[in-house]
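J.:
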Amino acid sequence: MTVQYLHGIETIELDSPSGPVETVKSNVIGLVGTAPNADPDLFPLNTPVAVFADALKAGSLKTDGTLLDAVDAIYSQKSAVVVVVRVAEGTSTEETWSNAVGSPTGKTGVWSLLKARPMLQVIPKLLVAPGLTSGRPTNGLRNLVIGDTGANYVQGTTGITIAPPPAGGRQATARAQVVGGKLTGAIITDPGYGYDSIPAVTVTGAGTGATVTATLGHVANPVGVSFASIVDRLRAVAFLDGPGTSYEDAVEYRGDYGSQRISIVDPGVLSWDTENSIYVQKPASAYAAGIQARIDEEKGFWYSFSNEVIQNIGGPARPVDFMPNDRDCEANMLNSQQITTIIHDDGFRFWGVRGTGTDPLWAHLSVRRTADMIYESLERAERSRMDKPFSLQLLSGIQGDVNKYLRLLKARGALIGGRSWIDPHVNTPATFAAGELTVDFDLEPPALLEHLQFRAQRRPDYYSDFIEEFTRTIANNG
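See below:
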């Protein structure tokens, strides 16, 4: 209200209270892949393009490359909003990987998905790159061993440079760790690939005497590593295809990741090739994303794609033995290593509910996704209150919005419970004067029933009832 003289009557229209919190769209799929013969006007390189239930537009991707197969796999489960990022197909697997990895600063490759919100007004939440995440380079930087720690090094100026590989590879990078003037650590930040011999390692900056030796071997898939770099920013999850070769290879592959938002799927699936009239192996990640998108729409984002029938496949690319009560079957062994697999049990189903994180409270992928959807929905809903002056109405409105939304989600089954409060010990005159407000809330997403145990025991005393019933029967028939 303005403080101006008025001898009369006026009416001031106050801000209306915020409307109900709307949940963000959780089932938008972000798809990265190749389509060398696609229409470049419809699908320019390194540009997010929305594909809805438009068969003609999807068909413009053409059959070569990985994208059309992935879209078909997704739509075989149910149509969904798919944000397609087309990358150039290289002359080698390594070059294609590099194109898919792209550049964080140039927003190319995987990083193009970050442009989806400003360009398309949607945020990809289920990320896949079928055909590009299953391989692991065999010629990357596996380890750096310090031979001599040297002396007089300074943390801020000490660097580690690894010689580049031959043309077609990617140069590995590392950072130094200095304690007490000594080089105590050489931490690989990018293992690179394409080395045909052990590269030279140089320690730069102040100090002298330190020596570092490299070793080569299997390293993480570069496209999967890039996904791991953006899932937190997008509050998305990425489904990565394992090698699909053996249990041992799948477990080794899984060891490359440690994110609550990364899910490993192994093996792939058998899909019917209509051109050659034969089943061929295909990545399973697009099917997983397609099922999760459908489940989000039909049941809710707090449900999992696990234990759902996979449509339009002939089976897993390799058989995985499964018995629901057998801890030593391969399916359970894979699940124990946080790897989702495919079982045959009244149809072919994904089996496994865990991401690759280490915190047991966030082990279930659906729990992570539920919290993410709530956080983002609240942030978006309360944006309209930003830059408004502090008032009792403002504070009570924000707290009320959060509590109403949490109660709604509890009623729908998306939460076990949750509540919001404004702590006067955290919000002080100083913080208010600085324009800061902290609103606390707790929540408990529903964990998934992962282990159902029936307890049974013998009861010989039931024979007493049996004998009595038999005696009555004899007496009545006598």
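Numbers 1 to 478, taken from UniProt numbering, label the letters of the sequence shown in order. Here a beta-carbon is modelled for each residue, glycine too, at the ideal position from N, C-alpha and C.
Assuming Q77 contacts Y287 under a Cβ cut-off of 8 Å, what Cβ separation, rounded to an integer in Å, is found between them?
T.: Here residue 77 is taken as the residue at index 77 of the sequence shown, counted from 1. Here residue 287 is taken as the residue at index 287 of the sequence shown, counted from 1. Contact flag correct, Cβ pair sits at about 6 Å.
J.: In angstroms, rounded to a whole number, what distance separates the CA positions of S377 and L408?
T.: Your numbering for residue 377 matches position 377 in the sequence shown. Your numbering for residue 408 matches position 408 in the sequence shown. Looking at the two C-alpha atoms, the distance is approximately 13 Å.
J.: List in chain order: all unbroken beta strand (DSSP E) runs of 3+ residues lying wholly within the UniProt domain "Tail sheath protein C-terminal" (358-457).
T.: Here the runs fully enclosed are 417-421 and 440-444.
J.: Tell me, please, whether the stretch 265-272 touches the stretch 353-368 by the rule of three or more beta-carbon pairs shorter than 8 Å.
T.: Result no; under three Cβ-Cβ pairs closer than 8 Å.
J.: Are W302 and P446 touching if we call contact CB-CB under 8 Å?
T.: Within the sequence shown, numbered from 1, the residue matching residue 302 stands at position 302. Within the sequence shown, numbered from 1, the residue matching residue 446 stands at position 446. Yes, these two residues count as a Cβ contact at 8 Å.
J.: Taking C-alpha atoms, which residue in T63, F390 and E382 lies nearest to T274?
T.: Numbered from 1 along the sequence shown, position 274 holds the residue referred to as residue 274. Of T63, F390 and E382, the residue nearest in Cα terms is T63.
J.: Nearest to L114 by CA position, among I230, A129, V101 and D39, is which residue?
T.: Numbered from its first residue, the sequence shown carries residue 114 at position 114. Minimum Cα distance to L114 is reached at I230.
J.: Quick check on M1: does DSSP put it in helix, strand or coil?
T.: Sequence index remark: in the sequence shown, residue 1 carries index 1 (1-based). Any reading at M1 is ruled out, since the residue's pLDDT is 44, under 50, leaving its predicted position unreliable.
J.: State the Cα-Cα distance for the pair R412 and D346, rounded to the nearest angstrom.
T.: For the purposes of this step, residue 412 is taken as the residue at position 412 of the sequence shown. For the purposes of this step, residue 346 is taken as the residue at position 346 of the sequence shown. R412 and D346: Cα-Cα distance of roughly 29 Å.
J.: Rounded to whole angstroms, what's the CA-CA distance from S366 to Y247? Just pull it up for me.
T.: Numbered from its first residue, the sequence shown carries residue 366 at position 366. Numbered from its first residue, the sequence shown carries residue 247 at position 247. S366 and Y247: Cα-Cα distance of roughly 25 Å.
J.: Between R327, I398 and S285, which lies nearest to F350 when the distance is taken from Cα to Cα?
T.: The residue you call residue 350 lines up with position 350 of the sequence shown. For F350, the nearest C-alpha among the options comes from S285.
J.: Just grab the DSSP bridge partners of T173 for me.
T.: As a first step, residue 173 must be located in the sequence shown, where it is residue number 173. In the DSSP output, where bridge partners are listed per residue, T173 has T161 and D190.
J.: Counting along the chain, where does the beta strand (DSSP E) carrying Q121 start and finish?
T.: Within the sequence shown, the letter at position 121 stands for residue 121. Careful: Q121 lies outside any beta strand (DSSP E) and carries neither H nor E.
J.: Thinking C-beta only, is L61 closer than 8 Å to D71?
T.: Counting from 1 along the sequence shown, the entry for residue 71 is found at position 71. Counting from 1 along the sequence shown, the entry for residue 61 is found at position 61. For the sequence presented, residue 71 should be read as Val rather than Asp. Closer than 8 Å, so yes.
J.: Is the separation between the beta-carbon of V178 and that of T158 shorter than 8 Å?
T.: Translated into the one-based positions of the sequence shown, residue 178 becomes position 178. Translated into the one-based positions of the sequence shown, residue 158 becomes position 158. A contact, by the Cβ cut-off of 8 Å.
J.: Can you grab the Cα-Cα spacing for the pair T340 / P124, in whole Å?
T.: For the purposes of this step, residue 340 is taken as residue 340 along the sequence shown, with counting starting at 1. For the purposes of this step, residue 124 is taken as residue 124 along the sequence shown, with counting starting at 1. Cα to Cα, T340 sits roughly 21 Å from P124.
J.: For a minimum of 3 consecutive residues, which ranges assigned as the beta strand (DSSP E) are wholly contained in the stretch 90-155?
T.: If we require 3 residues or more, the beta strand (DSSP E) runs fully inside the stretch 90-155 come out as 126-128 and 140-148.
J.: I need the DSSP call for V225, collapsed to helix, strand or coil.
T.: Counted from its first residue, the sequence shown places residue 225 at position 225. Residue state, collapsed to three classes: helix.
J.: Is the distance from the Cβ of Q96 to the Cβ of T47 below 8 Å?
T.: Position 96 of the sequence shown holds residue 96. Position 47 of the sequence shown holds residue 47. Residue identity check: residue 96 is Thr in the sequence provided, not Gln. In this structure, T47 does not lie closer than 8 Å to T96 by Cβ.
J.: Need the endpoints of the beta strand (DSSP E) that G168 sits in, please.
T.: Working through the sequence shown from its first residue, we reach residue 168 at position 168. Counting along the chain, G168 falls outside any beta strand (DSSP E), and DSSP gives it neither H nor E.
J.: Verify whether the separation of the beta carbon atoms of residue 502 and G140 is less than 8 Å.
T.: Past the edges of the chain, shown from 1 to 478, lies residue 502, and the structure says nothing about it.
J.: Just to confirm before moving on: does the CB-CB distance between D442 and G418 stay below 8 Å?
T.: Mapped onto the sequence shown, residue 442 falls at position 442. Mapped onto the sequence shown, residue 418 falls at position 418. Their beta carbons are under 8 Å apart, which means D442 touches G418 by this criterion.
J.: Any idea if I278 is buried or exposed, counting beta-carbon neighbours within 10 angstroms, 16 or more meaning buried?
T.: Locating residue 278 in the sequence shown gives position 278, counting from the first residue. I278 comes out exposed.
J.: By Cβ distance, which residues of its chain are closer than 6 Å to L406, with the 5 residues on each side in sequence left out?
T.: For the purposes of this step, residue 406 is identified with residue 406 of the sequence shown, where counting begins at 1. Taken in chain order, the residues that qualify are G418.
J.: CB-CB under 6 Å to F466, same chain, minus the five flanking residues each way: which ones, in chain order?
T.: Walking along the sequence shown from the start, residue 466 turns up at place 466. Counting only Cβ-Cβ distances below 6 Å, and skipping sequence neighbours, we find nothing.
J.: Which same chain residues, not among the five before or five after S464, have their C-beta less than 8 Å away from its C-beta?
T.: Taking the sequence shown and counting its residues from 1, one reaches residue 464 at position 464. Closer than 8 Å at the Cβ level, and outside the excluded window around S464, lies no residue.
J.: So A200 and I187 are in contact, right, with Cβ under 8 Å, and what is the actual spacing, rounded?
T.: For this step, residue 200 is matched to residue 200 along the sequence shown. For this step, residue 187 is matched to residue 187 along the sequence shown. About 18 Å; that fails the 8 Å criterion.
J.: How far does the beta strand (DSSP E) with V201 in it extend, from its first residue to its last?
T.: Translated into the one-based positions of the sequence shown, residue 201 becomes position 201. That run of the beta strand (DSSP E) goes V201 to T204.
J.: Buried or exposed: R235, going by 16 or more other Cβ atoms within 10 Å of its Cβ?
T.: If you number the sequence shown from 1, residue 235 lands on position 235. Buried, because 16 or more other Cβ atoms sit within 10 Å of the Cβ of R235.
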